[in-house]
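*Asks:*
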Amino acid sequence: ETGVTQTPRHLVMGMTNKKSLKCEQHLGHNAMYWYKQSAKKPLELMFVYNFKEQTENNSVPSRFSPECPNSSHLFLHLHTLQPEDSALYLCASSQVWAGRTEAFFGQGTRLTVV
Amino acid sequence: DAKTTQPPSMDCAEGRAANLPCNHSTISGNEYVYWYRQIHSQGPQYIIHGLKNNETNEMASLIITEDRKSSTLILPHATLRDTAVYYCIVRPPGGGADGLTFGKGTHLIIQP
Numbered sequence: 058e059t060g061v062t063q064t065p066r067h068l069v070m071g072m073t074n075k076k077s078l079k080c081e082q083h084l085g086h087n088a089m090y091w092y093k094q095s096a097k098k099p100l101e102l103m104f105v106y107n108f109k110e111q112t113e114n115n116s117v118p119s120r121f122s123p124e125c126p127n128s129s130h131l132f133l134h135l136h137t138l139q140p141e142d143s144a145l146y147l148c149a150s151s152q153v154w155a156g157r158t159e160a161f162f163g164q165g166t167r168l169t170v171v
Numbered sequence: 006d007a008k009t010t011q012p013p014s015m016d017c018a019e020g021r022a023a024n025l026p027c028n029h030s031t032i033s034g035n036e037y038v039y040w041y042r043q044i045h046s047q048g049p050q051y052i053i054h055g056l057k058n059n060e061t062n063e064m065a066s067l068i069i070t071e072d073r074k075s076s077t078l079i080l081p082h083a084t085l086r087d088t089a090v091y092y093c094i095v096r097p098p099g100g101g102a103d104g105l106t107f108g109k110g111t112h113l114i115i116q117p
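So this is what it looks like as C-alpha cells:
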C-alpha cells in the first residue's frame, strides 16, 4: 500500500464511450501526475498538477482530459478513445520541495479500448 | 534531466547480491541520483536516492563514484520478489514539479 489509490483497476471501454479514471492520495502531497505505460514502452508523463494547477501537458491528445478538484484527488476523463490508447495508466503523487522528489505511485488502471 | 544508461537486462542468483550499474556522465553538480523499480504490471516503487555520498536503507545500498558519473544499486541478498525493472533517474533538487522521465531501465531476473 503506497498511499495512492487508483480506481478502477481494470477497464474495458468502447471507442464511443466516456469513462473516468480516479486517483486519490492520502499522503498530504501537493503534486499529482498521470503517466501512461504502453506495452513494451517506457512510462510516459502525461500531466502534472502542482497545488491543483496544471503545470505540464506533454502533448497529450484532447480525448484525455485531466481534472484536479483538490490536492488529494485527480481524475482522467476519457472520451472517443482509440485502440492504441490501451495501456496501463498510472497516477503518482509527491511533495515538491527542494532536495527530495520521491514519487509514490498507485497500482494503475489497465485500460483496454475495443 | 541528465541522460542515464543502463544495461537492458541482468540475471542474479537468489541469495546473492545484485549489483545494477547506471552511467550518468552528464550529471550536473546539484542533481540527485534516484532509483525506482517496477514489478510486473504494478506502479513503480521508490528505492533510494543520493547526491554524493553512498546511501543505505532497508531496501538497498547506493554507491556513487567520486566523479559522480556512474552509480551502482546493490540489493544485498536478492530474492525472487526482487525480479523487476529497475530505473535509474537523475533529477535536480525540487525537480519533482516536472514529473519523472523514465528510460527503459534494467530488467533484473532473480534465478532460483
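These protein sequence lines are chains L and V, in that order. Residues in the first sequence are numbered from 58 upward in steps of one, following the numbering used here. Residues in the second sequence are numbered from 6 upward in steps of one, following the numbering used here. Just so it is clear, CB atoms sit at the ideal spot from N, CA and C, and this is done for glycine as well. Since the structure is predicted, the reported quantities are computational estimates derived from the model, not experimental observations.
1) Return yes when at least one heavy atom of the ligand HEM lies under 8 Å from the C-beta of residue 85 of chain V, else no.
2) To the nearest angstrom, how far is the alpha carbon of residue 109 of chain L from that of residue 75 of chain V?
3) Give the straight-line distance between the Cα atoms of residue 149 of chain L and residue 19 of chain V, rounded to the nearest whole angstrom.
4) Quick one, which of L:59, L:112 and L:140 has its alpha-carbon nearest residue 85 of chain L's?
5) In terms of alpha-carbon separation, which member of L:105, L:67 and L:94 lies closest to residue 124 of chain L?
6) Can you name the start and end residues of the beta strand (DSSP E) that residue 96 of chain V belongs to?
7) Anything in the region 45-59 of chain V with a Cβ closer than 8 Å to a Cβ of chain L? List those residues in chain order, please.
8) Between V:14, V:25 and V:21, which has its C-alpha nearest residue 77 of chain V's C-alpha?
9) Assuming residue 52 of chain V contacts residue 65 of chain V under a Cβ cut-off of 8 Å, what Cβ separation, rounded to an integer in Å, is found between them?
10) Leaving out five residues on either side along the sequence, give the residues of the same chain with a beta carbon under 7 Å from the beta carbon of residue 170 of chain L.
11) So, is the C-beta of residue 149 of chain L closer than 9 Å to a C-beta in chain V?
*Replies:* In short, the structure shows the following:
1) Summarising the ligand content, the structure contains no ligands, and the ligand HEM is consequently not present.
2) 36 Å
3) 31 Å
4) When each option's Cα is compared against that of residue 85 of chain L, the closest is L:59.
5) L:105
6) Looking at the DSSP string, the run of the beta strand (DSSP E) that includes residue 96 of chain V is 89-96.
7) 46, 47, 48, 49, 50, 51 and 54
8) V:25
9) Taking the Cβ atoms as the reference, residue 52 of chain V lies roughly 5 Å from residue 65 of chain V, within the contact range of under 8 Å.
10) 70, 72, 138, 139, 140, 142 and 143
11) Yes, its Cβ sits closer than 9 Å to a Cβ of chain V.
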